[in-house]
Structure formats: C-alpha cells, structure tokens
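Inspection log for the structure reproduced underneath, given as structure tokens.
Residue numbers (the working numbering), protein chains in the order written: chain A, 359 to 941; chain B, 135 to 421; chain C, -11 to 562.
As structure tokens, this is what we get:
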C-alpha cells in the first residue's frame, strides 16, 4: 500500500481484459510460468503518457487497494489517461472489491496512479505472499503420456470459451494429443498441453506443507470441513460439466451454504438485467442466416473468442451472403483488434456506455437528445447509428464485459435489453452476451432449474435465495462472510480483487482442479480432477444456450476422476456426516 | 409509558452472516425472558437460538405492547443481518455496525444503527424510521431484483449520516430518504414516488428509470443521464424541511420510461456539466 | 422384494371398466399383479377403506422443462421470493417458485396430487438436450417430450419437395436422436415468419420464403405421422392463437384431419389448449366464446382430440410458448418484461408474465371457453383437462379445474365474482352438466394414457400395469361431491397416499421419498435404403443450416437418467 503518497498527480483509469497471449500462456504453461508472467504482468499505456511520466521500462501503479511494479508497454490504441492490464493477479491488486450490490467488482474503470520507478518488478510470489497464501510450493507434474496407436477424432468440442466450437479434428498418438485442426490458438494450447502441469495426486496441508494422501483421505477431510462449516461457499463451476454443477447445488443445500459460479464476475449483471427486463436472444445460426448488422459492444472476440467472427460473421448464411452483406460495428473504449475489422468503430468514454445506449433508445423513440455529447460520441453519430439499427433487417448485438463491469453495470444491460426490445417495433433485433468460460452458461442453467436463480444462491435457511450483493461470492469473500470454501475448476485468486482472495488465507479451502491454479496456494485440501472434453464426457452450454455434449478423447491420468464423480463422492460423504441418509 | 430494554451482547463475534430477524419488539412482546432466549437465530446456515449467540439482559417478563420494548445490540457486527425485519413498533438500537437488510419490510417503530450498515437497509419498508449514523451499502430503501418498480420502500423515513452506496431508493414508491454524505451510482433509479435528498455528491446517473418522485443532489454528480430534460433553474429549494440555500437546476424524466420525476442538481457544484443546459433553458425562454 | 396390498378402496379404473367397486390392488416389483401373487404376511398392507383408488394421473401438456421454462425462471425471480419450502433431507429437496417452480417442486407438486406422468409439449430439437437435463432432475414422475417441427427448415424443404416418405423418415430420425415422443406444431409456420419478418401468419397465408401454407404443413406432417404410425399423432397449437376470431382457424385446422391420408382409425390430430384458439368476435371488446362451435365440430369429427388450456382466474401465470409472435403481442398489452429466443432452423419462443383477473371481461370469456368445451362435448375420452401450465393456469390448480367439472355449485360460486358482462354473453351459466368421478378418472388417467398410446402399462390398474397409484381420502359413497366440491379439491390437492413404480412417495399429502422416474421416447423404424439417403441429406443440410455439427445433435441413451425406448413399427416404404 502506498498510503504515504499524496495523490497530487492525475489519476489514470485502469481497464482490465482478456488477451490472446494470456489465454495461450495460461493453457500451455500454467499461471505459475514465466510465459504467463510475461503475458499478464504488464501494463499498456499511451506513448504520450509514458513520455510525460518519463517512464523507461517499468512503473509503480498504485491506489488505495494496492500497489504493483509492472513493465510498461506503449500502445497507441490505449487512449491517453488510461492504462490497460490483462486480467490476472497483478491487476487484481488494484481493482476495487465494491460491487455496487451487483456482485460484480469494479474490474474496469478503477482509478490508479502511475509513477516511474527502478524497483524490481512485482513477482507472482510477491503477490501471493502479500495475500497471505498458505502454500507456495507446488507439485506441478506432467501426466504420463506415451505414443502408441494413432487415432483421429472428428467433431471434437473445445472446452475453452463460450463458443464451444464443435468442429475440431483432434489427432491422438497413444494418449498424446498431437494435432488440433479447426481450433484457435488457445484451443490448440489447451489440447496439446492437456497433460502438462497437472495436479496428479490429492494433497492435504499438514504443518504448513502439502502432503500426498489417498483420494479417500482427501475427500474425508473435505467432507469434514464442509460439514463443520457454518456457512461454506461453493464456487467456480464454469469450467466443468452439467453433472458437476448438479452436485455442487446439492452440496450447498446439504451444508446450508452458498453456491455461486463465475458469472458473478462476468455476465452476472446480464442475468440481473434479464431479471429486471427480460431478454431478446438468438442462436448463432440465426445470426449466420439473417444478421445484416452485427454489433460487438464492449467485447473483443478476436482475442477472447478467436473463432467467433469466422464462425458467425464471415460464414455465408441462407439469406446473407457472408461478410460483404453484413455491416459490422464495434463499440468499445479502445481500438481492439476486433475493431480493426469493423465497418464502423465507435469509441466510448470508459464507463459511459449507459449514456450511449440511452441516447440510442431516445433516438429510436424520436425523443430529442439534449445532452451536448453522449459518452464522448457526437450526437450526429448517435442518430446515424440509431438509423442503421432501425433499418437493419435483422440486427444482432454481441456484448462483453465492457458493458457488464463498468459504470452503471447491470443497468447498462437493462438499457440494452430495452433498446433491443424497442428496436423490435421496427425490425428484428437480438442481444447475446459473449460468455467466457466454456460452461458458464450451463452453470447458470443448472442453477436456474434447481434453485430458480442463475447464480449466487444461498441455502442458509434450507431453501434457495438469491439476494445479489448479499449472497454473491465476491461480496461474501471480500467481506469475510463465509467460513469455508470449496473451489471447483476455477481460480478466484486469479480473477477477484485482492480483498476477496485474502479471505481465502483465513478460512479452510478445498480446491478441485485439473491444474495448479493460483488458488491452490490457499488450499488445505487439493483434489485433482480430469478435464471435461478431453478426459471426461459431459454436457456444456454454448453462450447462446445451445447444449453440446463434450467428448472423451483419452483416459484421465491414473487414479484421477472426473469432477462430477469427485463431487458425487463428496456429496455422499457429507450426507453421512450430516446424517441425512435413508434408513 | 414504561420502557423495557433488552440488551444483547455477543458471546463471541460472529464469523459468518447471522440472521436475527426474530429479535424484534414484536416477537419479544409478552414473552418471558427464558422464551426470549429461545428465539430462533441463524448462525450462517445453522438454526440456533438467541442465547447461543448472545448474552441477554432484560426484564423477566416483556411488556405485551411492543411499543414499550427497546432491543439494544450492545455490540455491533457487520454480520448482523435482518435487524428489525417486519417490525411494527418499538425500537432497536445497534451500538456499532450492522449487516445487510436492516429494517427489511419494516412496518413501524424505529431502528438506530450507530455504526455502518450494509446493503438493502430499509428495503421494502412500509413505515417507521431508520437512522444510520455511519455509512450504508447499496439499494438503501430498495426493492429486490425482478420486482416491479414501486416494490421498494413504500413509506417511512431513512436518514443516513454518512455515505450510501449505489442504487439508493431502487424502485421506491413513497417515503423519504436523506443521505447527509455522498451516494454511489444510480441514486433514485426506477423510483415511482417519494423523495431522496443527498446532501453530498453522487455518482453516475441519478434518477435513471424514475417515473415520479424527487431526487435532490446537493453536491457534484459524476454524470447526468441523457434521458432527462432541463426544465428550469430555481434559486433555492426547501423540501421536507430541508433547505438548500443555493441554485438548483431541475430536470424532468426519465423520458425513456415515460417518467415525470423531478431531478434537482446543485447548479454551482455541477456548473461544468450544467452550463450547456442553462443555455438551452435560456434559449427556450427567448421563444 | 417390494410388495404392497391396497385393500378395501373404491377403485376407479376406466380402462378396465371398473367404476368405484371395492377391490384389492396388489403391487409387486413396481407393477400391478394379481392379489394372489402377493403374500399378505410379507406385503405392506394399506387399508384404503372409504378412500378412492385411481391409477396415477397423466398430464398430456404441461411446460415443465427446457430452455423457455428456464428463461421463465431467470426473468421472474419475484415469482420465487415468497414461495419457499425448506428441504427435508433426505426425503425431500428444497422447493421454490409459483408459476415457474424449480425442478423439485414440479415433481413433488405433481406427486402430491397423485400425478405420475407428465409430457413437456414443446422442445426445440437443438436445445432438447437441455430439456432432458431438466426432465432428468424432476423427481418422482415419468415424463416425455414432444419435439417442435412446424417451422423446421429441413421439414419445410421436404414438404416443398413433396417427399412424403422422406419427411416421415426425417421425423423418425429426429424423434430418435432427440429422444422425444411425438411431433409438436406451434402456430404452424409462424416461427419462420417471425424470424424473417417479426409477424405471425394464419392457416392459409404463405410461409415466407416457402411456397406453402400452414395448412399444407399440418396436412403433410399429419401424413408423415400416419406413415410413422405414431401413438400420439400431431399435437397442434393452432395459428392465430390469442387473437379474437381465431376459433375459425381452429375449426379449419380440425377439418384438416379429413384431408390426411389416414392409415388407422386412431385420432389424426390433437388440438391443444383449445381455449386459447376458441375466440369469437372481432376485437377484445367484442370477444365471445367459440366453445359451442368447437364442441359441435368435435362431435362430427372423430379424428380429432382436444385438451382445454383452461384459464384459472385469480392466479398469476407465466406465459411461455414457441408462439413467439403471440408473446410479442402480449408484451404490448402487459408492458413489463418480455423474453424472446429465436432458435436457428427450427423455432422461436416468447415469455411474458401475465395474471388472470376475475373482473376482467377478456379473462372471464377465456375461463368460460374451456369449461363450455368440456361440458358441451362431455367426451372425456377425447377432451382432457389441462391448463397449458403455466400459460392459462398452474398445474397445481388441477383439483380446482376438476371441481368446476364435477360441480355446478363450484362454477356458480366463482361466477359470482367474475365479470358479469362476459357471463351474460356465455352459455356456461345455463349448463348443468356435472362429471362423475369415473369421468374424472377417464379424463385424467385413462384418456391421456390412450392418447399417448401408453395405455398398455399406464393409466390403469390392471395386471401388468406400472404400479403408479393415487389414493384420495374421500368417500364418494358417503359424500355428494357436487355439493361438497371443496372436500374434493382438498383431497385431490394432497393425495392420501401415492405409489410410484411400487414405492410409496407420498403419505398424507407429504413427500416421503425422492425417486426419479423414466423418460419415454419413440423410436420409429426407418427402412435401410432410406436411412442411407437420409444420412446424405442430413450431412448436407446440417452443413448448410446449423451452427452445430450433426454429431452434436445426437442425444445418446446414456445421457438420460432413465430412458425408455418405445419402438414403433412404421409404415414407411423404402
């Protein structure tokens, strides 16, 4: 903390986001690697700001939440006065845990200060220590693989992002995956390195060290933690299958805890907006066949969902002849790679999207816009955009975290939904969130049918409740409201503001994961899981809520079970400890 | 009228959210102390009783009329949720912090929190008064997600001496909210009526979705929603006994909701943003 | 060995012609057996003296699972806030939700009423995996789903090409890979129109981009269903649903049964929630009941069956249907929340919260229509009660609906509170028909089992049937149900005892055990040569139309908790 500093200088606006390299390095090398450090422990600034501050290669970036020293890379696409840090533990040291009662921390639009420094760069270990991590030793190993019979599997489904590409051709030699055709760079990194950096044994933390134990011992300990907890948090679930999600809900019900999934820090606000206003949705195929206007708002699919544009925008549809018959508009705070392929790029002031959406609604309703400019966009441009929307035959908006995380948060989406509902008076229009984790949409679905709510579901009183801001994981962790945590196939330490991560150092934590997430540094029990879509079959939901069955390609490493089976056994053990079994 | 005071002390500080919805004058009224000790309290997900979490001092027999009962949480905690749930009479004092949902669905009586409180204070309250000496979280006097506008606070008064978070008054129908400090984003969103007075600064877009009622921001506003039309400048305002001796610009909206709400923004504090609108108003006067 | 002997009850089993006789019913290993095969010393003996014993109830049309139900849950959290029931583990999971309850409440609520088989009537093929995942999580009851086909581009292409056998083969494949039971048409062709133009169409309008009309679609799909020899042929939600004057469209749709090349004497069309398409008059203010006309048409057309879609007044609802254009119209009336989902190649869906008010003119007319049709036809084998849950009412109100059929007094009580102007235009007040308990057993058990073609082992209590049994604590010999309809409602809301698959799941109206039922799906045979041709066709069309691979479309048996295949010998020629 740099509380002694006086903030005389102008504050910068911090934005975070996914980058292609972040995705590739994470999948290929793990978050503990040099490659991940190089991809994520970096800040991008406008060259003019860099010159103004006299920054050579690094800077201290700080605010009331924390402080890090990062390499600075000039990027003229970052507007002056802003700073961009890829999503990850470094950015988290600065982001604001306040959720505005939406469960969504301020991962974008946080104010930070920047100064030239010659101090050493902040390492991952520095951060973990500062957060109070329990273990800094990790037992990263590669699963044993050997060549053998060569096979090719077609129509393989990719378990990375919410696009759930199901056209991959995967070549396998023995149990090594040697080629991925059709997948993006991140997909390739994921498949070809699936065996690397794995958690291969269950571990318990004992006298400050991780010791190898049998699966049964680990499950016993996990069940004991959950059964003894007054109010546990069960969290993650976006990168595993439907079956695992079912058991997670049952566990929360059994333990009177909370079950939440990662949508709390991605499209949770979108779900809140649907609760308020409804939704106008479409599946990919509808966009392919009909969309003559495609708007990407606050998202950057070229880096976060690399195949998305090719699958939908470039493809020829029944009534639309591919890219040339579609207009593409990108609305974002910075000129992203996706913006470069747009017919029209509209740059909005960070955190001010609500104004633009509202002004569009007014234009469509023929109401005068009095404001001199709207989110930095001139009025004429707003009117032009509204006209393009009204006159499209079938318009679609794909939107990302740029809308859910900033400014008015869920109210951005409420306004966007109403805009689209109103556009349907004129033409056909739809709105679809760009979901990140491959099954985050499925997590919401299971949660809905089992509990009535999409995420952040509490069972304290033996029935489901969702009171956003109260029962959401970010708020519960950042305010220290839970006394144990079970983290399933997710890495909150890599995604949540530091205050939330810090609470994990104070309570017992169980981690079920295929790989050494940063959250394993906070774990008391670590149970390995196998990869759905590579080592296990299972269902997941695409961002447009099309359910797709992921295939099993190879056997999991010896002794390692699918997440759903681990959770099924855990449920059984907790039931026994709680005495809720039929006589 | 004699007053019976029940004082509660935490045996140990709670480590998870606890639900004290039943510790109200209404539920205590007419009960023996031994029964009061058995009132249900949830410690996280565990159903337990008052005496498991609190030491309690009070008369052996509580008055039958809740109006004569004061419940004092002598030690506060940010984990203390549902204080004064549905209470209709009497008084609850928290000598320290309180948690979420203080005064949720309250029907009467009063609640005083001497420290800070968290989200949904006074949410869906119908009547009575809540005073928070410190800061509060979000959705002060609000509704729950998914409910129609108007399902928030329906009456009564909330006074916050410190700051309040976002979505103050979310969907309120009637009543008065006064925040002496600052408020977060979306103050007065989706209100149908009632009055929200913020003496300090406010965040993004006060008044969005409002169809009636009044929102007064006495300080700076981070951004004005475009869906309001500037109406006039008034030299001073006095609302519900609170007087601001400085000019305010009055906006009408939210026009996207077909609303006729009144949004008052301090003119001098927002001069940079409001000068443009001033020209519009003055232009209008010429014609 | 699980043996149960139910003694002394008044048994109502219309399929076996048993009308309130006192009989013993024996259960062994999940099936009904002859009482001689059960050892009374080992069996659990239940004394049902003075109580009614019926087969488990069957609901042929209730939106209980799938994408639109889940959007309904998502957009209506306020539907759940005050409806919670904490779990009682291990016997019962937690329940929440009124109009769009969670999966547990759906199963438990049906079981508490003595229902044991429910059909989800509309699932878009591409999202049917979702429907099954929800169905799998609904406890106790057995289920099945109807697959949406009316706006399916592949099917419309085939109709345009005039290939009847091939269309049937495609449907056979579709039923088999989506693990569904029958074909559903919703506002035929309208979702094509909706997705392309934002509007719905009437039965003789042209479907945009196709040279055919909804009439052609109904007829050709009806022909395909004949070739497929489906036990339940076409399940149709008529065009112009929700519009004044639409009863004419319903009559025209019923008439199409005559144009279908029937290959059996079984009903060719089932018109669902007919109330919603029984509107006479040319505007909302002149709305009248078309019930009498529809009842007349049914009498002279033996190839059509109906379910009611009965409106329950004084209740909130969540309207949800693949009739997306209708929901868009409804949204303009309610102006609150609206959800729409356009689904590639196949369909669309809309969801709007709604509430039926006793004092409303329109709502009263709607209430009248369903009852007029049921009472005027008095044909319980062909007209079955539904509320099109959660569209016209909630399934949990079935006992109230049935009370209006068994008791004129029950109707008259409610008529005091409804819109009187609407009542003056209706013939309902003059009708004195009252159904017997036997007729109730027909329309809620025997008839739906027959309509679904599952009457070999469902809907009756004969030897070999599944041991799905409901016992109600009401003595029909002692009590005049028509006079004491409240007692009937009370008894049927919470069954005294319910047995599902030979296990006791409800006692005294409370769930005592959570088990999971089966999912039935049809698997019609396809001649080998056609199958090869179909394969080529599907590969080509999937590449052209779908955003998922053909491979992803297949739902395999092992994905379902407890699938039961119903093989069907088709009449498709190679």
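For glycine and all other residues, C-beta sits at the position ideal for the given N, C-alpha and C.
Computed from a predicted structure; not experimentally measured.
Residue closest to residue i, alpha-carbon to alpha-carbon, out of the options
i: residue 865 of chain A; options: A:879, A:874, A:596; result: A:879
i: residue 383 of chain B; options: B:227, B:194, B:403, B:375; result: B:403
i: residue 144 of chain B; options: B:154, B:137, B:138; result: B:154
i: residue 183 of chain C; options: C:99, C:191, C:312, C:369; result: C:312
i: residue 89 of chain C; options: C:61, C:286, C:78, C:75; result: C:61
i: residue 643 of chain A; options: A:712, A:752, A:704, A:570; result: A:752
i: residue 200 of chain C; options: C:178, C:215, C:219, C:445; result: C:178
i: residue 499 of chain A; options: A:407, A:851, A:551; result: A:551
i: residue 442 of chain A; options: A:375, A:596, A:654, A:696; result: A:375
i: residue 343 of chain C; options: C:304, C:240, C:283; result: C:304
i: residue 960 of chain A; options: A:678, A:683, A:703; result: Residue 960 of chain A falls outside the range modelled here, since chain A spans only 359 to 941, and no answer is possible.
i: residue 575 of chain A; options: A:928, A:939, A:746, A:486; result: A:928
i: residue 266 of chain C; options: C:272, C:247, C:257, C:238; result: C:238
i: residue 307 of chain C; options: C:112, C:490, C:14, C:52; result: C:52
Sub-8 Å separation of residue i and residue j beta-carbons
i: residue 760 of chain A; j: residue 657 of chain A; result: yes
i: residue 588 of chain A; j: residue 177 of chain B; result: yes
i: residue 280 of chain C; j: residue 360 of chain C; result: yes
i: residue 505 of chain A; j: residue 527 of chain A; result: no
i: residue 99 of chain C; j: residue 493 of chain C; result: yes
i: residue 119 of chain C; j: residue 54 of chain C; result: yes
i: residue 799 of chain A; j: residue 907 of chain A; result: no
i: residue 470 of chain C; j: residue 356 of chain C; result: no
i: residue 175 of chain C; j: residue 107 of chain C; result: no
i: residue 639 of chain A; j: residue 902 of chain A; result: yes
i: residue 110 of chain C; j: residue 136 of chain C; result: yes
i: residue 436 of chain A; j: residue 473 of chain A; result: no
Segment limits, beta strand (DSSP E) that includes residue i
i: residue 474 of chain A; result: 468 to 474
i: residue 658 of chain A; result: Where residue 658 of chain A is concerned, there is no enclosing beta strand (DSSP E), given that its DSSP letter is neither H nor E.
i: residue 594 of chain A; result: 590 to 594
i: residue 136 of chain C; result: 130 to 136
i: residue 869 of chain A; result: 867 to 871
i: residue 372 of chain B; result: 371 to 373
i: residue 146 of chain B; result: Residue 146 of chain B -> no beta strand (DSSP E), and no H or E assigned at all.
i: residue 330 of chain C; result: 326 to 331
Extent of the continuous alpha helix (DSSP H) run through residue i
i: residue 159 of chain B; result: 159 to 162
i: residue 365 of chain C; result: 349 to 365
i: residue 633 of chain A; result: 626 to 635
i: residue 420 of chain A; result: Where residue 420 of chain A is concerned, there is no enclosing alpha helix (DSSP H), although the beta strand (DSSP E) it sits in stretches over 416 to 420.
i: residue 802 of chain A; result: 798 to 809
i: residue 530 of chain C; result: 516 to 533
i: residue 170 of chain C; result: Premise fails: residue 170 of chain C lies in the beta strand (DSSP E), 170 to 174, not in any alpha helix (DSSP H).
Which residues DSSP lists as bridging residue i, in chain order
i: residue 141 of chain B; result: B:191, B:206
i: residue 431 of chain A; result: A:402
i: residue 498 of chain C; result: C:495
i: residue 0 of chain C; result: C:7
i: residue 383 of chain B; result: B:367, B:399
i: residue 378 of chain B; result: B:371
CB-CB length for residue i against residue j, believed under 8 Å
i: residue 430 of chain B; j: residue 266 of chain B; result: Residue 430 of chain B is absent from the model: chain B starts at 135 and stops at 421.
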